[in-house]
Amino acid sequence: MIVSVASGKGGTGKTTVAVNLALSQDKVQFLDCDVEAPNASIFLKPLIQEKKIVPFFIPRLIKEKCNFCKLCSKVCEWNAIAVIKDKWLFFPELCHSCSACWTLCPQNALEKEEKELGVIEKGKVGKIEFIHGKLTIGQTVAPPLIKQVKKEIRKGEDVIIDVAPGTSCPMVEAVKGTDFCLLVTEPTPFGLNDLTLAIGVVKELNIPFGVVINRFDVGDKKVENFCEKNNIPILLKIPLEERIAKYYSKGEVLVAKDEKWREKFKQLFQKIKEKVKK
Amino acid sequence: MKTLTVISGKGGTGKTSLVASFASFFNNKVMVDCDVDAANLHLLLHPEIKKSFNFKGGKLPIIDKDRCSQCGKCIEVCQFDAIDKDFRVDPLSCEGCSLCARICPEKAIKMEEKITGYWYISDTKYGPLVHARLGIGEGNSGKLVTQVRNTAEEVAQEKGLNLIIIDGSPGIGCPVVASLTGADLALIVTEPTLSGVSDLERIGGVCDHFGIQWVVCINKFDINLDNTKRIEKECYLHGVQVVGKIPFDTSFIEALVRGKSLAEYSTSKTTQQIKDMWNRIFNILNV
Numbered sequence: 155m156i157v158s159v160a161s162g163k164g165g166t167g168k169t170t171v172a173v174n175l176a177l178s179q180d181k182v183q184f185l186d187c188d189v190e191a192p193n194a195s196i197f198l199k200p201l202i203q204e205k206k207i208v209p210f211f212i213p214r215l216i217k218e219k220c221n222f223c224k225l226c227s228k229v230c231e232w233n234a235i236a237v238i239k240d241k242w243l244f245f246p247e248l249c250h251s252c253s254a255c256w257t258l259c260p261q262n263a264l265e266k267e268e269k270e271l272g273v274i275e276k277g278k279v280g281k282i283e284f285i286h287g288k289l290t291i292g293q294t295v296a297p298p299l300i301k302q303v304k305k306e307i308r309k310g311e312d313v314i315i316d317v318a319p320g321t322s323c324p325m326v327e328a329v330k331g332t333d334f335c336l337l338v339t340e341p342t343p344f345g346l347n348d349l350t351l352a353i354g355v356v357k358e359l360n361i362p363f364g365v366v367i368n369r370f371d372v373g374d375k376k377v378e379n380f381c382e383k384n385n386i387p388i389l390l391k392i393p394l395e396e397r398i399a400k401y402y403s404k405g406e407v408l409v410a411k412d413e414k415w416r417e418k419f420k421q422l423f424q425k426i427k428e429k430v431k432k
Numbered sequence: 176m177k178t179l180t181v182i183s184g185k186g187g188t189g190k191t192s193l194v195a196s197f198a199s200f201f202n203n204k205v206m207v208d209c210d211v212d213a214a215n216l217h218l219l220l221h222p223e224i225k226k227s228f229n230f231k232g233g234k235l236p237i238i239d240k241d242r243c244s245q246c247g248k249c250i251e252v253c254q255f256d257a258i259d260k261d262f263r264v265d266p267l268s269c270e271g272c273s274l275c276a277r278i279c280p281e282k283a284i285k286m287e288e289k290i291t292g293y294w295y296i297s298d299t300k301y302g303p304l305v306h307a308r309l310g311i312g313e314g315n316s317g318k319l320v321t322q323v324r325n326t327a328e329e330v331a332q333e334k335g336l337n338l339i340i341i342d343g344s345p346g347i348g349c350p351v352v353a354s355l356t357g358a359d360l361a362l363i364v365t366e367p368t369l370s371g372v373s374d375l376e377r378i379g380g381v382c383d384h385f386g387i388q389w390v391v392c393i394n395k396f397d398i399n400l401d402n403t404k405r406i407e408k409e410c411y412l413h414g415v416q417v418v419g420k421i422p423f424d425t426s427f428i429e430a431l432v433r434g435k436s437l438a439e440y441s442t443s444k445t446t447q448q449i450k451d452m453w454n455r456i457f458n459i460l461n462v
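Protein chains in written order, with the numbering used here: chain S, 155 to 432; chain U, 176 to 462.
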């Protein structure tokens with residue numbers, strides 16, 4: 155079973171939930187797919203045993219062959235290439251590596267150049283197999299790296315995926331193909347707004363989902379009311395506690411400190427399993 | 176004209192709450208919500224939409240089965256594995272690069288423009304707001320951010336306003352880089368947690384990479400004073416100014432559930448600290 159932990163709004167506690175869920179189990183695979191800001195390793199502290207570079211291809215000009223016909227700049231949907239008179243300009247942060255420019259260049263004046271998109275690191279913590287992707291600073295396109303991280307999934311095992319905030323391509327790429335999506339939210343208008351957007355995505359993807367309300371005892375009741383009205387299961391509520399916030403700030407994990415919470419996260423995983431079976 | 180972009184790396188550090196408070200401190204500005212896939216600033220600024228525009232942010236290939244000879248060229252060139260062996264397009268994988276349509280020898284593929292979001296020019300009691308809404312699960316948020324940012328510049332020029340304040344999105348990817356483009360200063364809002372520290376290093380690295388000056392606000396600084404000291408020290412060593420330290424204060428949430436910024440809701444000490452921080456930023460911006 156593959157469980158993704160997403161949120162829409164950032165900072166609601168995705169990583170906290172994903173990490174505690176993983177540590178409440180005996181054996182799981184843990185994938186941190188928030189490649190722009192990966193933080194799960196701070197809490198799981200895995201021993202990294204393997205590292206590999208994920209490449210990304212950008213065009214490189216072979217000046218002698220170019221006749222400045224501008225076709226490359228015309229076919230680039232992201233305006234990453236500009237040709238002004240006899241100057242060929244390239245803006246790497248806009249490039250999506252679609253290959254159109256070097257595939258279509260009539261002079262064969264463009265070749266592909268390999269760049270580092272990011273790295274994938276693999277390691278172990280007890281029986282947990284840990285994998286995360288880290289987008290290289292200055293690179294902007296996260297989905298291809300997320301896709302590579304997800305290729306590490308072992309079929310048939312229990313897998314937990316920590317997802318990036320938001321509802322656009324990085325979130326979709328990470329949630330796609332999972333058996334269940336846990337949406338972590340907070341009881342504020344921001345939390346509710348972004349939860350509604352995230353639900354829109356998981357419904358579009360046809361993925362069953364449930365909600366975790368973090369800091370449930372502050373803010374208002376609108377998230378709870380919304381879930382009740384729409385028959386959305388609230389699978390766990392976590393209070394705002396100084397103790398929990400302090401653990402988080404130091405990279406410590408709740409279930410390692412508190413048996414009661416270990417039990418709660420175990421039950422959460424069990425509830426998800428039952429829902430997926432149905 | 177000057178542009179301030181507020182970003183964080185890590186989500187939920189308080190960007191939007193701070194931007195909404197800044198809104199009430201200075202008049203001659205345009206506000207922009209560049210967190211286009213999970214926009215929240217409108218929930219505090221209550222805009223009245225004046226103009227609404229369609230965002231044609233994507234194209235999707237339509238394969239004409241009658242013309243298609245199933246040569247497989249399109250599948251071969253697609254870098255996003257968006258066309259399967261039965262020549263069906265997966266819209267969630269497709270990036271809309273059009274290469275398949277351009278390369279098809281039978282000219283069997285047409286690209287259809289999709290409306291993938293909307294952007295708006297609105298009025299608020301604190302001045303104009305340019306904001307957007309990306310369609311569910313749509314990509315190309317960077318393009319929409321650029322659209323929103325350019326529109327804000329036009330609005331500022333038209334109305335003779337000399338400052339643009341951008342509320343950015345978390346992360347370090349396309350939309351973040353698009354919201355940083357052309358910024359005179361980035362305010363990075365962080366928190367004294369190990370995640371906050373790690374993400375601050377990454378987003379600070381992005382600002383350095385693109386040559387953008389940045390300053391730091393440590394929000395909820397009192398939840399871990401050791402980490403706060405560590406951030407201050409790192410910033411000092413890096414030559415980066417910490418322009419404000421804001422305490423953990425549940426009145427942020429009280430204000431938020433009432434649809435207000437903290438500055439609007441309360442005249443507390445925290446509000447004063449936000450105002451002091453704003454004054455420091457304002458001086459650095461030299462508007």
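A virtual CB, placed ideally from N, CA and C, is assigned to each residue, including glycine. The structure displayed is predicted, hence computed values, not measured ones.
Scanning the segment 326-400 of chain U from its first residue to its last, the whole alpha helix (DSSP H) runs of 4-plus residues come out as 349-355, 369-384.
Spanning the alpha carbons of valine 237 of chain S and phenylalanine 245 of chain S requires a straight line of approximately 12 Å. Residue environment analysis places isoleucine 426 of chain S among the buried positions, since at least 16 neighbouring C-beta atoms fall within 10 angstroms of its C-beta.
Any Cβ of chain U closer than 8 Å to the Cβ of proline 200 of chain S would place that residue at the interface, and such an atom is absent.
Across the segment 194-213 of chain U, CB contacts with chain S closer than 9 Å involve Asp210, Val211, Asp212, Ala213, in sequence order along the chain. Glycine 272 of chain S has a beta carbon lying at 8 Å or more from every beta carbon in chain U.
Per DSSP, the continuous beta strand (DSSP E) segment holding proline 303 of chain U begins and ends at 302-309. A Cβ-Cβ distance of about 4 Å is found for the pair isoleucine 315 of chain S and serine 158 of chain S, placing them in contact under the 8 Å criterion.
Lysine 226 of chain U: member of the beta strand (DSSP E) spanning 223-230, first to last residue. For valine 372 of chain S, the neighbours in chain U by C-beta distance under 7 Å run, in chain order, Thr425, Ile428. Using a Cβ-Cβ cut-off of 8 Å, lysine 400 of chain S counts as an interface residue toward chain U, since at least one Cβ of chain U sits closer than that to its own. Glutamate 231 of chain S has a beta carbon lying within less than 8 Å of a beta carbon in chain U. For serine 158 of chain S, no Cβ of chain U is located within less than 8 Å of the residue's own Cβ. Collapsing the DSSP output to three states places alanine 283 of chain U in coil. Distance from the CA atom of proline 297 of chain S to the CA atom of lysine 404 of chain S, rounded to whole angstroms, is 30 Å. A Cβ of chain S is located within less than 8 Å of the beta carbon of histidine 384 of chain U. Interface residue (Cβ-Cβ distance to chain S less than 8 Å): leucine 235 of chain U is not classified as such. For glutamate 247 of chain S, the secondary structure class from DSSP, reduced to helix, strand or coil, is helix. Secondary structure note for glycine 233 of chain U: its beta strand (DSSP E) is the uninterrupted segment 233-238. For arginine 416 of chain S, the uninterrupted alpha helix (DSSP H) run begins and ends at 413-431, by DSSP.
The C-alpha of valine 207 of chain U lies about 24 Å from the C-alpha of glycine 371 of chain U. Contact note: lysine 163 of chain S reaches chain U through Gly186, Gly187, Ala213, using a C-beta cutoff of 7 Å and chain order. Contact holds between the segment 181-195 of chain S and the segment 271-285 of chain S, because three or more Cβ pairs, one in each stretch, are under 8 Å apart.
Residue range 264-279 is occupied by the beta strand (DSSP E) that includes lysine 276 of chain S.
For arginine 214 of chain S, the enclosing beta strand (DSSP E) stretches over residues 201-215. Residue contact check for cysteine 249 of chain U against chain S: no CB pair falls below 8 Å. Under the three-state reduction of DSSP output, glutamate 190 of chain S falls in the coil class, being neither helix nor strand. Secondary structure of threonine 321 of chain S (DSSP, three-state): coil. Here isoleucine 237 of chain U is exposed, its C-beta having fewer than 16 other C-beta atoms within 10 Å.
As summarised for the segment 405-450 of chain U, the continuous alpha helix (DSSP H) elements at least 4 residues long and confined to that stretch are 426-432, 437-440, given in chain order.
For the options U:Ala307, U:Ala430, U:Arg455, the alpha carbon positioned closest to that of serine 443 of chain U is the one of U:Ala430. By the neighbour-count definition (other C-beta atoms within 10 Å, threshold 16), isoleucine 347 of chain U is a buried residue. Sequence-distant partners of leucine 235 of chain U (beyond 5 residues in either direction) whose C-beta falls short of 8 Å from its own C-beta, in its chain, are Val264, Pro266, Cys269, Gly271, Met286, Glu287, Lys289. Taking 8 Å as the upper bound on Cβ-Cβ separation, chain S lies near residues Cys272, Ser273, Leu274, Arg277, Ile278 of the segment 272-298 of chain U.
Any Cβ of chain S closer than 8 Å to the Cβ of glutamine 388 of chain U would place that residue at the interface, and such an atom is absent. Taking 8 Å as the cut-off, the beta carbon of leucine 179 of chain U is found no closer than this to the beta carbon of leucine 437 of chain U.
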